[in-house]
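Numbering (our numbering), first residue to last: 17 to 541. What follows is one structure encoded as C-alpha cells, with my remarks underneath.
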Ligand code: MAN
C-alpha cells in the first residue's frame with residue numbers, strides 16, 4: 017500500500033514536472049505534444065486561451081494533467097483530456113497526431129517514442145529506419161507514377177480520339193437516320209398506294225369468296241332443315257305438326273342413356289321445358305341436340321376423345337384437332353370437305369394465291385408484296401440506326417475519367433484465377449465468376465459507378481446487381497484501382513459473402529496530380 021502510494025506520487029510529480037518542461041526537439045520551443053504549426057498558440061509569457069475560445073487559463077495550467085478546456089487543447093501532452101491531440105515530431109519519418117488518451121498508456125504509438133515519456137525505456141526510436149523504408153517506397157512510387165504517367169498520357173490521347181470518333185459517328189448516324197426515315201416514309205407511301213390498288217383488285221375476289229361462303233352456308237342450312245323435317249315427321253305420329261312428350265317417349269333415339277325408356281330428364285333435355293315442339297322450335301332447339309345422337313347410332317360420329325389427340329401438338333393445334341374430332345368422323349365425304357376448306361383457308365392467308373388470280377391482279381399483288389418487303393427493310397434499317405445511336409450515346413455519357421484516360425479500357429476484359437474460380441472483369445461492362453469445376457458463369461455485378469469517394473472518385477469502381485446470392489442480396493464487386501505499368505488484376509477476394517473485391521493496376525491511374533498520390537508524397541518528410 018505504502019509502496020504503491022509512493023509510486024503514484026512519483027508518477028504525478030514526474031507528469032507535472034515533465035509536462036511543464038518546454039521541450040524543444042526542433043528549433044521552436046513548445047509544450048509537449050504541440051505541433052510546430054500550433055506552437056505560436058502556446059506562449060509561456062501569456063495566459064492560454066482554449067482553441068474553442070471558451071476559457072482563458074494561466075499558462076501554468078497547460079499540461080498540468082488536469083483538463084480545463086472543453087476541446088482538450090490545454091492538455092496536448094497528457095492523457096487528462098479525452099479529446100486532446102498529442103503531436104509526435106517523429107524526426108526522420110512522418111510526424112503524427114494521436115489521441116492524447118494514448119499518452120503514457122504503455123503502448124508505443126509514435127516511432128520516436130515520445131508518447132511514452134513516463135517510461136522512456138519501453139519505446140525505442142524507430143523513426144530513422146521507418147523513414148528510410150518510407151522514403152524508399154515513396155521513391156518507388158514516384159518512379160512508378162513517372163513511368164506510368166507517360167503511358168497514361170497515351171491512354172488520354174487515345175481516349176480523346178475514341179470519344180471524338182464516337183461523336184463523329186453519332187453525327188453521321190443522326191444524318192443516316194434522317195435519310196433512312198425519309199426512305200421509310202417513301203416506302204410507306206409506295207406500299208400504301210400499291211396496297212390500295214391490290215385491295216381494289218382483290219375486292220372482286222373477296223366478294224366472290226364471300227358470296228360463295230354465304231351460298232354454302234345457305235345450302236348447309238337448307239340441308240339441316242330438310243333433314244330435321246324428315247325426322248320431325250317421323251316422330252310426329254299423328255302428323256298434327258307438333259311433337260308432344262308422348263310422341264318422343266316412344267322414339268328410342270330420345271333415350272339418351274339407353275336404359276330402355278325416355279324419362280323426364282331426357283324429355284327436359286330435348287324440349288328444354290316446353291310441353292311440345294312445333295317445327296320451327298324443333299329445328300333450332302331439339303335437332304342440334306338430337307343429330308349427334310342419331311349420327312352416333314349410325315356410327316358416323318365419335319365424340320372428342322382425348323386419347324386420340326397427338327400429345328406433341330401445341331394448344332392451338334389441339335383445339336383444332338378437337339374441332340375436327342367433333343365433326344362427322346367416318347363420313348368420308350364430309351371429312352374431305354373439311355380438308356378442302358382447311359386448304360382453302362390456308363391459301364387465303366397465303367399472299368401468293370397465284371393460281372387463282374388473273375394476270376393483272378397477280379401483278380398488283382406481287383408489286384404490293386415487294387413494296388411491303390421494301391418497307392419492312394426500310395423500317396428495320398431505321399431501327400438498327402436508332403439502336404446504334406442509343407449505344408453510342410450511352411458510351412458518350414459514361415464517365416471515363418477527368419481526361420478520358422479510361423475510355424479505351426471500356427469493353428476490355430481481364431481474367432484472374434484462384435484455386436476455385438476464374439474471374440473476369442470487362443471494364444465498364446460486368447464482372448463474372450466461373451467455377452473451375454464447371455457450371456455456368458455467375459454475374460458478380462454490372463457496371464454501376466465510380467466509387468472512390470471524395471478524395472479520388474476514380475480510385476474505385478462499383479459493379480452492382482449481380483446474380484442474387486442464395487438467401488441473400490445481389491452479388492456486387494468493388495474494383496480498387498492503383499497505378500501500375502500494365503492493366504492487370506492483382507487479386508480477387510470475397511471479404512463478405514457475395515461481395516467481391518478486385519485490386520486492379522493500370523497506367524490510367526498513374527496521375528501524379530491525383531489527390532491520393534499527392535497525399536502520400538506530402539506525408540513523407
Ligand atoms: C458461389 C460463389 C461464391 C459465393 C457462394 C454463395 O459458390 O459465387 O463466391 O460465396 O456462391 O452462396
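Even glycine gets a Cβ: it sits at the ideal position worked out from N, Cα and C. All figures in this text were calculated on a predicted structure; none of them were measured in a lab.
Does DSSP put residue 436 in a helix, a strand or coil?
Along the chain shown, one-based indexing puts residue 436 at 420. Here residue 436 sits in coil by DSSP.
If you draw a straight line from the C-alpha of residue 344 to the C-alpha of residue 298, how long is it?
Here residue 344 refers to the residue found at position 328 when the chain shown is read from its first residue. Here residue 298 refers to the residue found at position 282 when the chain shown is read from its first residue. With a pLDDT of only 36 at residue 344, under the threshold of 50, the placement of this residue in the model should not be trusted; the figure read from the coordinates follows. Near 21 Å, if we compare the C-alpha coordinates of residue 298 and residue 344.
Report all residues from its chain with a CB closer than 8 Å to the CB of residue 66; omit the five preceding and five following residues, and keep chain order.
Start at 1 with the first residue of the chain shown, and residue 66 comes out as number 50. Closer than 8 Å at the Cβ level, and outside the excluded window around residue 66, lie 72, 73, 84, 85, 86, 87, 89, 90.
Among 154, 490, 497, whose alpha-carbon lies nearest the alpha-carbon of residue 468?
If you number the chain shown from 1, residue 468 lands on position 452. It is 497 whose Cα lies nearest to the Cα of residue 468.
Examine chain B for any beta-carbon lying closer than 8 Å to the beta-carbon of residue 523, and answer yes or no.
Looking at the structure shown, chain B is missing, and only one protein chain is on hand.
Any residues whose CB sits closer than 6 Å to a heavy atom of ligand 1? List them in chain order?
Checking every Cβ against the heavy atoms of ligand 1 under 6 Å gives 449, 458, 485, 486, 510, 513, 514.
Given residue 364, which residues of its chain have a CB within under 8 Å of its CB, disregarding the five upstream and five downstream residues?
On the chain shown, position 348 is the one that residue 364 refers to. For residue 364, the predicted model reports a pLDDT of 43, less than 50, meaning its position is unreliable; a value from the coordinates is still stated below. 225.
Locate the alpha helix (DSSP H) running through residue 414, then write down its first and last residues.
For the purposes of this step, residue 414 is taken as residue 398 along the chain shown, with counting starting at 1. Neither: residue 414 is in no alpha helix (DSSP H) and is coded neither H nor E.
Got a sec, what are the start and stop residues for the beta strand (DSSP E) residue 463 sits in?
In the chain shown, residue 463 corresponds to position 447, counting from 1. Per DSSP, residue 463 belongs to the beta strand (DSSP E) from 458-466.
Express the C-alpha separation of residue 460 and residue 205 in angstroms, rounding to a whole number.
By 1-based counting over the chain shown, the position of residue 205 is 189. By 1-based counting over the chain shown, the position of residue 460 is 444. Approximately 50 Å between the Cα atoms of the pair.
Does residue 413 pass the burial test, meaning 16 or more other C-beta atoms within 10 Å, or should it be called exposed?
Counting from one through the chain shown, the residue named residue 413 turns up at place 397. That one is exposed.
Per DSSP, residue 495 is paired with what?
The count along the chain shown starts at 1 and reaches residue 495 at position 479. Bridge partners of residue 495: 477, 518.
CB-CB under 7 Å to residue 165, same chain, minus the five flanking residues each way: which ones, in chain order?
The residue labelled residue 165 in the question sits at position 149 within the chain shown. Cβ within range, chain order: 526, 528.
With a threshold of 16 other CB atoms inside 10 Å of the CB of residue 232, please say whether the residue is buried or exposed.
Locating residue 232 in the chain shown gives position 216, counting from the first residue. Flag for residue 232 reads exposed.
For residue 352, does the count of other Cβ atoms within 10 angstroms reach 16, so buried, or fall short, so exposed?
As a first step, residue 352 must be located in the chain shown, where it is residue number 336. Reliability fails at residue 352, whose pLDDT of 40 lies under 50, so the model's placement of it is uncertain and no value is given.
With a threshold of 16 other CB atoms inside 10 Å of the CB of residue 132, please say whether the residue is buried or exposed.
Counting from 1 along the chain shown, the entry for residue 132 is found at position 116. Residue 132 should be labelled buried.
Would you grab the beta carbon distance between residue 94 and residue 79 for me? Rounded to a whole angstrom, and I think it's under 8 Å.
Reading the chain shown from its first residue, position 78 is the one you call residue 94. Reading the chain shown from its first residue, position 63 is the one you call residue 79. 6 Å between Cβ atoms; contact.
According to DSSP, is residue 103 helix, strand or coil?
Translated into the one-based positions of the chain shown, residue 103 becomes position 87. In the structure shown, residue 103 sits in a strand (DSSP, three-state: E or B).
Per the contact definition of three or more C-beta pairs closer than 8 Å, is the region 138-155 in contact with the region 384-399?
No, the region 384-399 is not in contact with the region 138-155.
Thinking just about the alpha-carbon of each residue, which of 508, 180, 179 is nearest to the one in residue 430?
Against the chain shown, residue 430 aligns to sequence position 414. The residue with the shortest Cα to Cα distance from residue 430 is 508.
Can you list, in chain order, the residues of its chain whose CB lies under 7 Å from that of residue 201, leaving out five sequence neighbours each side?
Walking along the chain shown from the start, residue 201 turns up at place 185. So the list is empty, once near-sequence residues are dropped.
Out of curiosity, what's the CA-to-CA distance linking residue 51 and residue 181?
Taking the first residue of the chain shown as 1, we reach residue 51 at position 35. Taking the first residue of the chain shown as 1, we reach residue 181 at position 165. Using only the alpha carbons, I get a separation of about 54 Å.
Quick one, are the C-beta atoms of residue 463 and residue 479 less than 8 Å apart?
Looking up residue 463 in the chain shown gives position 447. Looking up residue 479 in the chain shown gives position 463. Yes. Within cutoff.
Secondary structure at residue 63, three-state DSSP: helix, strand or coil?
Locating residue 63 in the chain shown gives position 47, counting from the first residue. Note: residue 63 maps to coil in three-state DSSP.
Would the region 416-429 and the region 169-177 be scored as touching if the rule is three or more Cβ pairs under 8 Å?
Result yes; three or more Cβ-Cβ pairs closer than 8 Å.
Helix, strand or coil for residue 381, going by three-state DSSP, please let me know.
Here residue 381 refers to the residue found at position 365 of the chain shown. Residue 381: helix per DSSP, three-state reduction.
Check whether the Cβ atoms of residue 390 and residue 203 lie closer than 8 Å to each other.
Taking the first residue of the chain shown as position 1, residue 390 is located at position 374. Taking the first residue of the chain shown as position 1, residue 203 is located at position 187. Yes, the Cβ-Cβ distance between residue 390 and residue 203 is below 8 Å.
Could you work out which residue in 510, 220, 504 is closest to residue 372 when comparing CA atoms only?
Within the chain shown, numbered from 1, the residue matching residue 372 stands at position 356. Comparing Cα positions, the closest option is 220.
Using CA coordinates, which residue listed in 477, 98, 425 is at the minimum distance from residue 117?
As a first step, residue 117 is located in the chain shown; it is residue number 101 there, counting from the start. The shortest C-alpha separation from residue 117 is found at 98.
Check residue 539 in the structure and name its three-state DSSP category.
The count along the chain shown starts at 1 and reaches residue 539 at position 523. With a pLDDT of only 42 at residue 539, under the threshold of 50, the placement of this residue in the model should not be trusted; the figure read from the coordinates follows. Looking at residue 539 - three-state DSSP - the assignment turns out to be helix.
Helix, strand or coil: which one does DSSP assign to residue 187?
Position 171 of the chain shown holds residue 187. Looking at residue 187 - three-state DSSP - the assignment turns out to be helix.
Mapping the DSSP letters down to three states, classify residue 45 as helix, strand or coil.
Counting from 1 along the chain shown, the entry for residue 45 is found at position 29. Three-state result, residue 45: coil.
Could you give the residue range of the beta strand (DSSP E) that holds residue 258?
Residue mapping note: residue 258 aligns to position 242 of the chain shown, counting from 1. Start and end: 258-260.
Would you mind reading off the limits of the alpha helix (DSSP H) that contains residue 506?
As a first step, residue 506 must be located in the chain shown, where it is residue number 490. Where residue 506 is concerned, there is no enclosing alpha helix (DSSP H), although the beta strand (DSSP E) it sits in stretches over 504-512.
Should residue 381 be labelled buried (16 or more other beta-carbon atoms within 10 Å of its own) or exposed?
Here residue 381 refers to the residue found at position 365 of the chain shown. Buried, because 16 or more other Cβ atoms sit within 10 Å of the Cβ of residue 381.
In the DSSP assignment, find the unbroken alpha helix (DSSP H) run with residue 450 in it and report its ends.
The count along the chain shown starts at 1 and reaches residue 450 at position 434. Where residue 450 is concerned, there is no enclosing alpha helix (DSSP H), although the beta strand (DSSP E) it sits in stretches over 446-451.
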